[in-house]
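J.: Sharing a structure, written as structure tokens. Questions coming.
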Amino acid sequence: EQLFVGDQVLRVTASNEEQIALLRALDEREDLQVDFWRDPTKPGRPSDLHVPFPSLQAVKIFLESHGISYSIMIEDVQQLLDEEKKTMMLARG
Amino acid sequence: LERSASTFDFASYHTLDEIYDWLDTLVANHPSLVSKIQIGESYEKRPLYVLKFSTGGSNRPAIWLDTGIHSREWVTQATGVWTANKLAEEYGRDPSITSILDSMDIFFEIVTNPDGYAFTHSSNRLWRKTRSINAGSSCVGVDPNRNWDAGFGGAGSSSSPCSETYRGPYAHSESEVKSIVDFILGHGNVKALISIHSYSQMLMFPYGYKRTPAPDYQELNELAKKAVNDLAAVYGTEYTYGSIVDTIYVASGTTVDWAYENGVKYSYTFELRDTGRYGFLLPSTQIIPTATETWPALLDIMLHVQQHPY
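So the protein sequences, as listed, match chains A and B. All residue numbers for the first sequence refer to our numbering, where the first residue is 37 and numbers rise by one. All residue numbers for the second sequence refer to our numbering, where the first residue is 564 and numbers rise by one.
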């Protein structure tokens with residue numbers, strides 16, 4: 037089973053078309069393995085970006101260096117998955 | 564043990580086996596209304612089941628509903644289960660749904676991507692695509708919502724098997740997609756298609772692959788407006804609406820564009836609710852609120868279809 041310990045989901049808001057293009061370029065970077073849960077579309081509209089733990093620092097530096105604002109939507113993906121699994125098991129019981 | 568829908572927990576997420584068992588329960592509880600048909604097999608040879616809601620007649624005009632083509636969107640399949648149960652329970656009680664089912668059939672595929680869904684329960688909760696092997700690549704799966712023959716291969720889909728929006732080698736390469744195509748074309752009288760996803764609170768219609776407005780844009784837009792207003796009246800959840808290309812971005816090879824281009828005028832896709840904190844990992848406490856608020860919007864579309872034959 038694949039684990040997602042330390043992975044985060046960032047809510048990113050691009051303020052102009054140039055930043056949207058930068059975000060799309062981020063998606064092309066196979067080394068970072070990011071996954072847009074919600075794609076960047078229009079300036080001002082949030083997009084959600086799942087970032088594996090090993091890529092977190094690089095992605096955050098990328099966003100900050102280009103002045104792209106973001107917040108952390110999910111602090112630790114695995115923690116949420118563990119809670120989800122526990123809830124399912126309790127419901128079965 | 565006697566089968567009963569009353570023991571099924573609609574407020575919990577379920578495995579594929581549990582949902583498939585429940586399909587039989589629903590059929591057993593409503594034998595004169597609901598039947599289960601198999602329209603094909605997935606890549607990994609799982610049956611593709613569709614619930615048929617019918618009060619009789621032959622080849623009546625029909626509405627197609629599907630949930631869960633992207634396997635990780637768990638609240639979508641869960642909403643599908645709740646909605647199918649609601650359809651069965653409300654027939655004979657709710658005048659609107661009774662009227663619809665007295666003149667039309669409803670086909671409902673609750674787990675449209677069963678391989679992916681099973682994989683989200685066993686190996687990777689965040690799996691989105693099918694599980695077909697891609698020749699020449701170590702990356703698995705095709706995005707089944709980029710695999711339809713409607714602007715296939717265009718912008719907003721990827722040619723890379725490692726991408727989450729990989730379109731596949733050719734249109735309808737995925738048996739999960741081809742089975743629906745064959746069913747709808749074979750039926751020949753499907754008047755509406757509603758494909759349900761999560762999670763960004765949108766109701767959209769064609770086109771996704773081109774910027775040209777659909778010939779029925781105005782009617783589709785007005786109906787979408789009514790549907791999202793009625794949805795918002797339940798818990799205040801605000802949806803955006805419009806064509807796919809205007810609302811989000813260019814997306815080629817999508818379900819609703821294919822349906823529209825193949826004569827299904829009322830083609831819509833929902834993106835269910837976003838609490839702003841969980842994305843695809845929406846807690847199960849949100850299942851019933853999500854399904855409950857979606858119901859009046861679905862009813863609006865289905866009633867409009869019934870009242871505007873073409």
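Where a beta carbon is used, it is the ideal one built from N, C-alpha and C, also for glycine.
Extract the residue ranges of the alpha helix (DSSP H) inside the segment 770 to 845 of chain B, only unbroken runs of 4 or more that lie entirely within it.
T.: 780 to 798, 807 to 810, 818 to 824
J.: Here's the rule: buried if 16 or more other CB atoms are within 10 angstroms of the residue's CB, otherwise exposed. What is residue 828(B)?
T.: Here the question's residue 828(B) lines up with position 265 in the second sequence. Answer is buried; the Cβ neighbour count reaches 16.
J.: So residue 759(B) is in the beta strand (DSSP E); what residue range does that whole segment cover?
T.: Position 196 of the second sequence, counting from 1, holds the residue named residue 759(B). Residues 753 to 761.
J.: Report yes or no: is there a C-beta of chain B within less than 8 Å of the C-beta of residue 117(A)?
T.: As a first step, residue 117(A) must be located in the first sequence, where it is residue number 81. Answer yes: the Cβ-Cβ gap between residue 117(A) and chain B drops below 8 Å somewhere.
J.: Kindly indicate if chain B contains any beta-carbon less than 8 Å away from that of residue 112(A).
T.: Residue numbering aside, residue 112(A) sits at position 76 when the first sequence is read from its first letter. So no, residue 112(A) is outside the interface.
J.: Is residue 844(B) close to chain A? Criterion is C-beta to C-beta, closer than 8 Å.
T.: Along the second sequence, one-based indexing puts residue 844(B) at 281. Residue 844(B) counts as touching chain A.
J.: Compare the C-beta of residue 727(B) against all C-beta atoms of chain A and say whether one is closer than 8 Å.
T.: Within the second sequence, the letter at position 164 stands for residue 727(B). So yes, residue 727(B) belongs to the interface.
J.: I need the straight-line Cα distance from residue 593(B) to residue 587(B), nearest angstrom please.
T.: Taking the second sequence and counting its residues from 1, one reaches residue 593(B) at position 30. Taking the second sequence and counting its residues from 1, one reaches residue 587(B) at position 24. For residue 593(B) and residue 587(B), the distance between alpha carbons rounds to 10 Å.
J.: Just to confirm the assignment, what range does the beta strand (DSSP E) spanning residue 630(B) have?
T.: Within the second sequence, residue 630(B) is the residue found at index 67, counting from 1. First-last of the beta strand (DSSP E) with residue 630(B): 625 to 630.
J.: Could you pull out every residue in the same chain whose Cβ sits closer than 6 Å to the Cβ of residue 40(A), ignoring the five residues on either side in sequence?
T.: Here residue 40(A) refers to the residue found at position 4 of the first sequence. Short of 6 Å from the beta carbon of residue 40(A), and not among the five residues preceding or following it, lie these beta carbons of its own chain, in chain order: 113, 114.
J.: Do three or more CB pairs link the segment 855 to 863 of chain B to the segment 784 to 801 of chain B at distances below 8 Å?
T.: yes
J.: Roughly how many angstroms separate the alpha carbons of residue 846(B) and residue 125(A), rounded to a whole number?
T.: Looking up residue 846(B) in the second sequence gives position 283. Looking up residue 125(A) in the first sequence gives position 89. Cα-Cα distance, rounded: 14 Å.
J.: Return helix, strand or coil for residue 608(B), following the three-state DSSP convention.
T.: The sequence position of residue 608(B) within the second sequence is 45, counting from 1. Three-state result, residue 608(B): coil.
J.: At the level of alpha carbons, what is the spacing between residue 599(B) and residue 703(B)?
T.: Walking along the second sequence from the start, residue 599(B) turns up at place 36. Walking along the second sequence from the start, residue 703(B) turns up at place 140. Approximately 30 Å between the Cα atoms of the pair.
J.: Flag residue 696(B) as yes if its beta-carbon sits less than 8 Å from any beta-carbon of chain A, otherwise no.
T.: Within the second sequence, the letter at position 133 stands for residue 696(B). It does not: the Cβ of residue 696(B) has no partner Cβ on chain A nearer than 8 Å.
J.: So that I know if they touch, is there some Cβ in chain A lying closer than 8 Å to that of residue 802(B)?
T.: For the purposes of this step, residue 802(B) is identified with residue 239 of the second sequence, where counting begins at 1. Output row for residue 802(B): interface = no.
J.: Measuring CA to CA, which of 788(B), 739(B), 774(B) is closest to residue 813(B)?
T.: For this step, residue 813(B) is matched to residue 250 along the second sequence. When only C-alpha atoms are compared, the closest one is 774(B).
J.: Going along chain A in order, which residues have a C-beta closer than 7 Å to the C-beta of residue 770(B)?
T.: Stepping through the second sequence from its first residue, residue 770(B) is reached at position 207. What residue 770(B) touches in chain A: nothing, since even the nearest Cβ is about 16 Å away.
J.: Please report the distance separating the alpha-carbon of residue 65(A) from that of residue 91(A).
T.: Against the first sequence, residue 65(A) aligns to sequence position 29. Against the first sequence, residue 91(A) aligns to sequence position 55. Their backbone Cα atoms lie some 11 Å apart in a straight line.
J.: What number of angstroms, rounded off, separates the C-alpha of residue 706(B) from the C-alpha of residue 743(B)?
T.: Counting from one through the second sequence, the residue named residue 706(B) turns up at place 143. Counting from one through the second sequence, the residue named residue 743(B) turns up at place 180. Going by the C-alpha atoms only, they are around 15 Å apart.
J.: In whole angstroms, what separates the C-alpha of residue 763(B) from that of residue 45(A)?
T.: Start at 1 with the first residue of the second sequence, and residue 763(B) comes out as number 200. Start at 1 with the first residue of the first sequence, and residue 45(A) comes out as number 9. Near 15 Å, if we compare the C-alpha coordinates of residue 45(A) and residue 763(B).
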